[in-house]
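K.L.:
Sequence order for the protein chains is A and B. Residues in the first sequence are numbered from 1 upward in steps of one, following our numbering. Residues in the second sequence are numbered from 1 upward in steps of one, following our numbering.
Number of protein chains: 2
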Amino acid sequence: MTSKLSTQHKILDAAQSLFAETGFNDTSLRQITSLAEVNLASVNYHFGSKKELIQAVLQRYLVVLMPRLDQEFTRLLASQQANNLSQVLSVFVKPLLELNKVHQNGTRIFLQLLGRGYTDVQGHLRWFFNHNYGRVLDKLVLLVQQACPDLPPGELFWRLHFSLGTVVFTMASNEALAEIAEADFNEKVDIEGVILRLLPYLSAAIAAPVSTVTPISHTAPLLAGEGR
Amino acid sequence: MTSKLSTQHKILDAAQSLFAETGFNDTSLRQITSLAEVNLASVNYHFGSKKELIQAVLQRYLVVLMPRLDQEFTRLLASQQANNLSQVLSVFVKPLLELNKVHQNGTRIFLQLLGRGYTDVQGHLRWFFNHNYGRVLDKLVLLVQQACPDLPPGELFWRLHFSLGTVVFTMASNEALAEIAEADFNEKVDIEGVILRLLPYLSAAIAAPVSTVTPISHTAPLLAGEGR
DNA sequence: TTCTGATTCAAACGTACATTTCAAACACCT
DNA sequence: AGGTGTTTGAAATGTACGTTTGAATCAGAA
Numbered sequence: 001m002t003s004k005l006s007t008q009h010k011i012l013d014a015a016q017s018l019f020a021e022t023g024f025n026d027t028s029l030r031q032i033t034s035l036a037e038v039n040l041a042s043v044n045y046h047f048g049s050k051k052e053l054i055q056a057v058l059q060r061y062l063v064v065l066m067p068r069l070d071q072e073f074t075r076l077l078a079s080q081q082a083n084n085l086s087q088v089l090s091v092f093v094k095p096l097l098e099l100n101k102v103h104q105n106g107t108r109i110f111l112q113l114l115g116r117g118y119t120d121v122q123g124h125l126r127w128f129f130n131h132n133y134g135r136v137l138d139k140l141v142l143l144v145q146q147a148c149p150d151l152p153p154g155e156l157f158w159r160l161h162f163s164l165g166t167v168v169f170t171m172a173s174n175e176a177l178a179e180i181a182e183a184d185f186n187e188k189v190d191i192e193g194v195i196l197r198l199l200p201y202l203s204a205a206i207a208a209p210v211s212t213v214t215p216i217s218h219t220a221p222l223l224a225g226e227g228r
Numbered sequence: 001m002t003s004k005l006s007t008q009h010k011i012l013d014a015a016q017s018l019f020a021e022t023g024f025n026d027t028s029l030r031q032i033t034s035l036a037e038v039n040l041a042s043v044n045y046h047f048g049s050k051k052e053l054i055q056a057v058l059q060r061y062l063v064v065l066m067p068r069l070d071q072e073f074t075r076l077l078a079s080q081q082a083n084n085l086s087q088v089l090s091v092f093v094k095p096l097l098e099l100n101k102v103h104q105n106g107t108r109i110f111l112q113l114l115g116r117g118y119t120d121v122q123g124h125l126r127w128f129f130n131h132n133y134g135r136v137l138d139k140l141v142l143l144v145q146q147a148c149p150d151l152p153p154g155e156l157f158w159r160l161h162f163s164l165g166t167v168v169f170t171m172a173s174n175e176a177l178a179e180i181a182e183a184d185f186n187e188k189v190d191i192e193g194v195i196l197r198l199l200p201y202l203s204a205a206i207a208a209p210v211s212t213v214t215p216i217s218h219t220a221p222l223l224a225g226e227g228r
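1. So, with DSSP's three-state summary, where would you put B/Gly-48?
2. Just how far apart, CA to CA, sit B/Ala-172 and A/Gly-165?
3. Below 7 Å on C-beta distance, what does A/Thr-166 contact in chain B?
4. Just the Cα atoms here: how many angstroms apart are A/Leu-151 and A/Gln-31?
5. Could you work out which residues of chain A lie near B/Asn-25, taking near to mean beta carbons separated by less than 7 Å?
6. Determine, using beta carbons only, whether B/Glu-98 comes closer than 9 Å to chain A.
7. Quick check on this structure: which residue in A/Val-189, A/Pro-209, A/Val-210, A/Ala-205 has the alpha carbon closest to the alpha carbon of B/Pro-209?
8. How would you write the range of the alpha helix (DSSP H) that A/Lys-139 sits in, first residue to last?
9. Residues of chain B with a CB under 8 Å from the CB of A/Pro-200: which are they?
10. Residues of chain A with CB under 7 Å from B/Arg-108, in chain order?
11. According to DSSP, is A/Gly-225 helix, strand or coil?
12. From the beta carbon of A/Ile-216, is the nearest beta carbon of chain B less than 9 Å away?
13. In angstroms with no decimal places, state the Cα-to-Cα distance between A/Leu-160 and B/Val-194.
14. Can you tell me which of A/Gln-87, A/Tyr-61, A/Ala-207 puts its alpha carbon nearest to the alpha carbon of A/Glu-72?
15. Is the beta carbon of A/Ile-11 closer than 9 Å to that of A/Ala-41?
16. Could you name the residues of chain A that B/Tyr-45 contacts, counting a contact when the two beta carbons are closer than 7 Å?
17. Return the CA-CA distance between B/Thr-27 and A/Asn-84, expressed in angstroms with no decimal places.
18. Determine whether the Cβ of B/Asp-120 lies closer than 9 Å to any Cβ atom of chain A.
19. Could you have a look at B/Asn-100 and say whether DSSP puts it in helix, strand or coil?
20. Any C-beta of chain A sitting closer than 9 Å to the C-beta of B/Ile-11?
21. What in chain A is Cβ-close to B/Thr-170, meaning under 7 Å?
22. Can you grab the Cα-Cα spacing for the pair A/Leu-77 / B/Ala-183, in whole Å?
23. Please tell me whether A/Gln-16 and A/Phe-47 are closer than 9 Å, where the distance is taken between their beta carbons.
24. Could you tell me whether the region 136 to 154 of chain B touches the region 186 to 202 of chain B, where touching means 3 or more Cβ pairs closer than 8 Å?
25. Looking at chain B, is there any beta carbon in it that lies within less than 9 Å of the beta carbon of A/Leu-143?
26. For A/Gln-55 and A/Leu-29, what's the separation of their Cα atoms in angstroms?
27. Are B/His-103 and B/Arg-60 touching if we call contact CB-CB under 9 Å?
28. Under 9 Å between C-beta atoms, does A/Glu-72 make it to chain B?
29. Along the chain, where does the alpha helix (DSSP H) that runs through A/Gly-23 open and close?
30. From which residue to which residue does the alpha helix (DSSP H) around A/Glu-175 run?
31. Can you find the residues in the same chain that come closer than 6 Å, C-beta to C-beta, to B/Ala-110, ignoring five residues on each side of it along the sequence?
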């Protein structure tokens with residue numbers, strides 16, 4: 001079963017686990033190479049630097065996930081009928097779960113890494129992500145906008161980021177939560193279970209009625225475009 | 001105006017800003033003491049260690065917030081009529097905003113710190129938090145349970161943690177989000193604005209109908225257990 | 001085999017970190 | 001003023017980090 005893996009592969013496998021568990025900055029190359037059973041210098045030999053290793057770890061999943069999401073988004077945009085929010089969010093499920101083909105527990109690991117990327121590093125990974133895949137997410141914004149025509153663009157912006165936070169934080173602390181859930185409620189919940197629990201939560205949240213109690217002067221937003 | 005501050009106070013003020021901005025592990029005592037314009041050794045003299053400094057920074061807010069929340073929860077629990085979810089969540093607003101009395105931008109800083117505490121450190125801060133203030137949060141769980149009697153306890157557990165993720169992640173990246181929001185939508189949003197936007201989002205999310213959808217993965221084989 | 005480029009290895013480099021040390025400076029008492 | 005306990009200061013300690021180095025080892029072609 002355990003075929004002979006290249007050094008690069010062993011590094012990536014060890015790195016993703018440690019990165020997901022401990023975060024990027026709090027995982028040392030020595031931990032990684034020790035777990036991977038390779039020489040310390042091989043990381044810099046094969047990847048150049050720790051920063052590039054982090055990107056390589058993420059890219060392994062992103063190059064699979066993002067084209068897949070793009071394809072789903074494009075399909076939904078092409079269908080003339082308006083899609084409801086639940087349908088839009090549901091298209092995430094299959095592409096995300098297919099990351100388990102990239103690596104065992106790939107879905108969980110990727111989402112944890114995504115969470116780490118948003119909270120650990122200062123801007124750098126956020127830029128990398130938006131720069132490479134921003135156009136795909138623009139389609140998602142468009143779809144949600146169509147599904148929730150009554151939602152002002154500014155409100156939608158915030159709610160999408162709220163939702164990103166929900167997902168990312170949940171995955172970052174997924175292990176601890178799953179443990180508690182099993183201990184307290186006798187419910188064994190895997191990553192698919194969490195995703196399926198997230199869907200109705202996020203659907204209801206994003207489509208929630210807009211609050212009427214606003215202490216701030218309510219100026220009509222003119223500019224659209226999620227750019228940046 | 002700028003009265004003479006004690007060394008301890010200067011350290012706490014510098015530390016909370018840097019911790020909120022960069023995270024606990026990625027902020028060095030040298031940065032803190034440099035910003036506070038005190039000697040490096042004074043941190044260990046006054047607080048013992050970096051870990052204890054982190055706790056002291058958090059405690060300054062927790063000792064104000066948690067009794068305040070406890071009081072609100074108790075009040076709501078005492079009222080015989082059942083409270084709806086929106087009412088329950090609303091009790092967070094005032095206690096949170098009163099943290100601005102503890103320090104300028106105290107609400108934002110505290111929530112950012114809370115986010116850092118949940119994602120940065122390994123369990124340690126989570127334990128500290130649950131150990132000291134777990135009983136207060138139990139009352140919140142009870143209130144939400146009363147407001148959403150149809151929600152199974154297991155589902156409620158997950159949704160409360162989803163909500164924690166929403167808040168915590170939003171605050172961790174609050175500065176970046178607020179900047180984008182202002183640039184793209186011409187909306188100046190302060191911490192109060194974010195909190196008020198969160199309320200309807202979270203109310204709808206927690207009270208969302210429970211999904212009837214079952215996992216698409218085949219139920220027969222349990223290969224690739226997600227545990228560990 | 002011998003040559004050659006790619007990979008691995010042990011060791012070291014320079015930097016930054018939290019923490020400790022101990023003498024100097026300070027504040028507050030009588 | 002002198003004495004005492006508290007606080008600050010500059011410097012050093014030991015550890016860990018990412019990265020670099022140069023020799024040893026390997027794989028494949030001639």
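Glycine is no exception: its CB is placed at the ideal position from the N, C-alpha and C atoms. As the structure is a computational prediction, the values presented were derived from the model and not from experiment.
P.N.:
The structure says:
1. coil
2. 9 Å
3. Phe-162, Gly-165, Thr-166
4. 47 Å
5. Asn-25, Asp-26
6. no
7. A/Ala-205
8. 124 to 147
9. Ala-208, Pro-209, Val-210, Ser-211
10. By Cβ distance, chain A contributes nothing, its closest Cβ being about 15 Å from B/Arg-108, past 7 Å.
11. At A/Gly-225, the pLDDT of 38 sits below 50, so the modelled position is not reliable and the matter cannot be decided from this model.
12. Caution applies to A/Ile-216, whose pLDDT of 40 falls short of 50 and renders its modelled position unreliable; the value that the coordinates give is listed next. For A/Ile-216, the answer is yes, since a Cβ of chain B falls inside 9 Å of its Cβ.
13. 13 Å
14. A/Gln-87
15. no
16. Near B/Tyr-45 there are no residues of chain A at all, since even the closest Cβ is about 27 Å away, more than 7 Å.
17. 44 Å
18. yes
19. helix
20. no
21. His-161, Phe-162, Gly-165
22. 27 Å
23. no
24. no
25. no
26. 14 Å
27. yes
28. no
29. Premise fails: A/Gly-23 is in no alpha helix (DSSP H) and is neither H nor E.
30. 174 to 185
31. This sequence places Phe at residue 110 of chain B; Ala is not what is there. Hits under 6 Å: Tyr-61, Leu-99.
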